[in-house]
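Input: a single structure, listed below in structure tokens.
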Amino acid sequence: MRRSVVFLLVLLILGPALLFAGGRQEAAEEPSGDLKGEVEVLHWWTSGGEAAAVEVLKELLEAEGHTWVDFAVAGGGGDAAMTALRSRAVAGNPPTAAQVKGPQIQDWAAEGFLTNLDPVAEAQGWDNVIPEVLADVMKYEGHYVAVPVNVHRINWMWVNPDVFEAAGAEIPTTWEEFEEAAEKIEAAGYIPVAWGGQDWQEATVFETILAGVGGTDFYVETMVDADPEAIDSPKMIEVLETLRMVHGYTDPGAPGRDWNMATSMVIEGDAAMQFMGDWAKGEFVAADQKADEDYIAASAPQTAHQFLFNVDSFIMFEVDDPADKAAQRAMARLIIEPEFQEVFNTYKGSIPVRMDMDDEPFDIPAKKSMRDFAASADSGDLVPSMAHEMAVDRAVRGAILDTITTFVNSPNISPREGAKMLADAVRGAAR
Amino acid sequence: MLVLVPSFVVMIVFFYGFILWTVLISFTNSRMLPHFNFVGLTQYITLFTQQPRWLIAMRNLLVFGGLFIGASIILGLFLAILLDQRIRGERLLQTLYLYPMALSFIVTGTIWKWILNPSLGIERLVQQLGFSDFTFRWLVDPKMAIYTIVIAAAWQSTGYIMSLFLAGLRSIDSSIPEAAQVDGASLPRIYWSILIPMLRPVFMSSVVILTHLAIKAFDLVVVLTQGGPGISTDMPATFMYDFSFKYDRLALGAASSVVMLVMVMIIIVPYLISELRGTRNAQN
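Residue numbers (the working numbering), protein chains in the order written: chain A, 1 to 431; chain B, 432 to 715.
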């Protein structure tokens with residue numbers, strides 16, 4: 001009995017292998033469409049809308065006959081997942097795809113782990129639908145090694161219009177107007193700015209102010225090229241002065257506060273506004289708030305023409321098995337297809353990476369985001385976010401975050417000293 | 432002997448093996464992934480000359496370690512002496528004082544974060560009682576935040592140290608204080624000149640236990656202040672985690688953990704030597 005079971009198993013395992021053994025040589029070159037393989041996907045989309053969004057991709061892939069092996073690692077904003085990925089890669093056993101973004105894509109490609117996705121990109125015409133700045137992040141030495149999934153905009157200002165009305169203030173479009181409005185709001189007994197006192201949140205406000213006050217070119221020089229000379233400049237001093245001014249309109253309970261707690265201060269009407277990326281929208285939706293009625297999503301002062309982007313992406317590792325390679329390529333193709341882009345991004349609250357899509361199924365803030373995305377891609381004001389790991393490598397980003405949070409929380413450091421500290425920190429962290 | 436072999440191998444590989452690996456990595460220029468391009472002491476020099484954050488972490492460790500160990504021992508000893516008076520309900524009190532030890536630092540940190548938060552805790556409570564000018568903002572003040580960690584950590588560990596001292600006091604032969612009493616010594620004098628000096632081994636154990644807790648302090652800081660406001664309450668352990676796992680500077684993180692290991696060894700090794708010598712003398 002037992003022997004026959006073993007025999008059957010051997011037959012089941014070896015049978016297909018023997019059948020494929022002949023065709024294997026050509027298959028390794030270019031996987032054909034009818035091979036059904038397996039993808040193991042490392043990600044940290046484990047909560048609420050994110051989990052539902054990733055489920056969509058799984059279903060689409062399984063509908064084509066491939067197998068999805070979920071490798072979800074929650075916690076630490078992806079730090080735990082990255083640690084898991086590093087140990088798997090060092091052990092020579094990386095997953096098929098992993099949620100990795102920004103300059104880290106280049107790091108993984110430089111280590112020689114990633115596969116070339118150009119065949120999929122050419123067949124689907126990625127270069128025609130994805131803005132060039134964004135595509136560059138996905139490429140290593142001119143070849144696609146990662147697939148962009150969604151686009152978040154960073155430079156948003158989430159406004160409670162009732163608080164503004166009660167205080168007799170106007171929604172600001174410049175930092176000067178902001179100061180006027182904040183004075184009125186404070187005098188009326190509200191907290192002008194809902195502030196989350198964590199390093200990445202402070203860096204989010206910092207880069208938003210920097211883009212507005214310094215302009216797009218200055219943003220690219222300081223936050224993308226991380227040029228210490230440009231950082232230690234009068235313009236940066238002006239940026240830090242503005243940051244200090246804005247921080248003056250927050251409440252004493254801010255240090256350590258989570259971003260969603262800050263958002264709920266705006267929802268509850270305790271605070272007038274928050275500077276945060278468009279994931280904050282999810283909190284308003286969950287609280288049954290209507291866009292343009294109960295809350296207003298406006299671009300942050302002086303950044304109406306700019307778009308700081310935060311893009312999630314999957315890097316694809318080199319795999320040997322032709323069936324698995326076929327599954328991997330199917331995954332890359334499905335991610336870019338309009339069907340997935342629409343469903344995923346309506347779940348996640350972000351916008352599609354393709355610029356050729358109908359905005360009908362999306363909500364009001366997302367529609368505005370899509371318009372600004374296309375416009376900024378044309379005008380050259382589409383730039384990667386530093387705070388969200390899109391612009392500089394993690395060592396430089398860490399140095400900037402440490403310096404900015406120190407500056408924000410130490411009133412005795414002048415903006416002039418702050419600019420110098422920032423330049424020194426960036427110099428020290430560069431390779 | 433043969434039964435111990437597996438556990439021995441596991442310990443050698445996973446404990447000492449990884450210590451050795453960390454030391455090796457600290458001499459390389461590894462960033463995201465470990466590589467073996469050796470660069471000598473570069474990471475250690477960077478750590479002490481170009482990383483203001485590391486110097487803040489070291490200073491915080493000194494302030495936190497000193498105050499935490501001092502406060503836990505003084506308060507613990509004081510409580511132990513009070514409980515030593517054979518009062519009614521001693522068992523209950525002892526359990527009450529010991530209970531914080533049953534909590535993890537995560538829970539302790541969360542509780543104290545709420546108590547010390549200006550818009551939730553003590554400040555708000557006292558203001559609602561009518562003292563509207565009252566402020567207590569240590570948690571959100573970069574200069575004072577490190578002391579909130581001392582308060583939370585001492586709150587948690589004092590009961591444990593108290594139990595150690597109480598056990599020490601109870602193990603002293605009662606004829607000794609009785610004899611002193613017959614000679615006319617006052618109670619404070621008996622404690623100060625006779626009993627406390629006899630507790631020397633308990634002091635030693637307490638210092639060792641509390642020191643390694645202080646150097647490894649991580650969870651409490653992460654929960655209570657997240658190293659903030661700014662980086663004002665950063666500790667060597669949080670520095671190591673950020674640089675190794677968030678900032679892709681593996682070698683620098685490894686160097687910082689080697690420095691931490693050396694600090695622990697400086698404290699533990701002399702203690703172990705004196706302990707071992709002590710037992711050998713006792714056996715002789």
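Ideal Cβ placement from N, Cα and C applies to all residues, glycine included.
Report the partner residues of residue i according to the DSSP bridge assignment.
i	result
A/Ala291	A/Tyr295
A/Ala326	DSSP, once it has assigned bridges, lists no residue as partnering A/Ala326.
A/Met273	A/Val159, A/Val193
B/Thr459	B/Phe469
A/Met316	A/Ala97
A/Asp70	A/Val41
A/Asn150	A/Asp312
A/His247	A/His247 is not bridged to any residue.
B/Ile504	Paired residue(s): none; B/Ile504 is not in a bridge.
B/Phe449	Looking at the DSSP assignment, B/Phe449 forms no beta bridge with any residue, so it has no partner.
A/Pro384	A/Phe309
Roughly how many angstroms separate the alpha carbons of residue i and residue j, rounded to a whole number?
i	j	result
B/Ile512	A/Glu50	57 angstroms
A/Gly197	A/Glu241	18 angstroms
B/Ser438	B/Phe449	16 angstroms
A/Ala423	A/Ile154	23 angstroms
B/Pro632	A/Asp70	54 angstroms
B/Lys574	A/Glu202	19 angstroms
A/Val319	A/Val145	13 angstroms
B/Phe674	A/Ala399	10 angstroms
A/Ile171	A/Ala181	7 angstroms
A/Glu38	A/Glu64	11 angstroms
A/Met357	A/Gly282	22 angstroms
A/Asp312	A/Gly277	13 angstroms
A/Asp292	A/Ala300	16 angstroms
A/His43	A/Ala135	21 angstroms
B/Phe509	B/Met593	8 angstroms
A/Leu243	B/Asp572	19 angstroms
B/Thr656	B/Arg490	17 angstroms
B/Tyr702	B/Ser637	11 angstroms
B/Ser617	B/Ala610	12 angstroms
B/Gly599	B/Ser687	37 angstroms
A/Pro84	B/Ser457	Before going on, a small fix: residue 84 of chain A reads as Ala here, not Pro. Each residue's alpha carbon lies about 21 angstroms from the other.
With a threshold of 8 angstroms between beta carbons, is residue i in contact with chain B?
i	result
A/Pro255	yes
A/Ala27	Its pLDDT being 39, under 50, A/Ala27 is placed unreliably by the model, and the measurement read from it follows with that caveat. No - not a single Cβ of chain B is within 8 angstroms of the one on A/Ala27.
A/Ala194	no
A/Thr263	no
A/Asn310	no
A/Glu183	no
A/Glu111	yes
A/Gln124	no
A/Gln198	yes
A/Val285	no
A/Thr405	yes
From the beta carbon of residue i, is the nearest beta carbon of chain A less than 8 angstroms away?
i	result
B/Met463	yes
B/Arg657	First, the amino acid is wrong: residue 657 of chain B is Gln here, not Arg. At least one chain A Cβ lies under 8 angstroms of B/Gln657.
B/Val797	An answer regarding residue 797 of chain B cannot be provided, because it is not within the stretch 432 to 715 covered by chain B.
B/Tyr379	Residue 379 of chain B falls outside the range modelled here, since chain B spans only 432 to 715, and no answer is possible.
B/Pro573	yes
B/Ile580	no
B/Asp650	no
B/Ser663	yes
B/Asp564	no
B/Arg620	no
B/Pro667	no
B/Asn548	yes
Residue i and residue j look like a contact to me (Cβ under 8 angstroms); what is the Cβ gap, rounded to whole Å?
i	j	result
B/Leu378	B/Gln525	No information on residue 378 of chain B is available, as it lies outside the stretch 432 to 715 that chain B covers here.
A/Ala98	A/Phe314	7 angstroms
A/Thr250	A/Trp175	Rounded, the Cβ-Cβ distance is 15 angstroms, inconsistent with contact.
A/Pro161	A/Ile267	About 12 angstroms separates the two Cβ atoms, so there is no contact after all.
A/His445	A/Ala332	Limits of chain A in this structure are 1 at one end and 431 at the other, which puts residue 445 of chain A out of reach.
B/Arg680	A/Ala395	5 angstroms
B/Tyr591	B/Met532	4 angstroms
B/Ile487	B/Ile662	6 angstroms
A/Val383	A/Tyr219	6 angstroms
A/Gly102	A/Met390	4 angstroms
A/Asp359	A/Lys367	5 angstroms
**Item:** Segments assigned beta strand (DSSP E), at least 3 residues, entirely inside the segment 169-233 of chain A
**Value:** 191-193
**Item:** alpha helix (DSSP H) runs contained entirely in the segment 580-665 of chain B, provided each spans 4 or more residues
**Value:** 606-613, 631-646, 650-655
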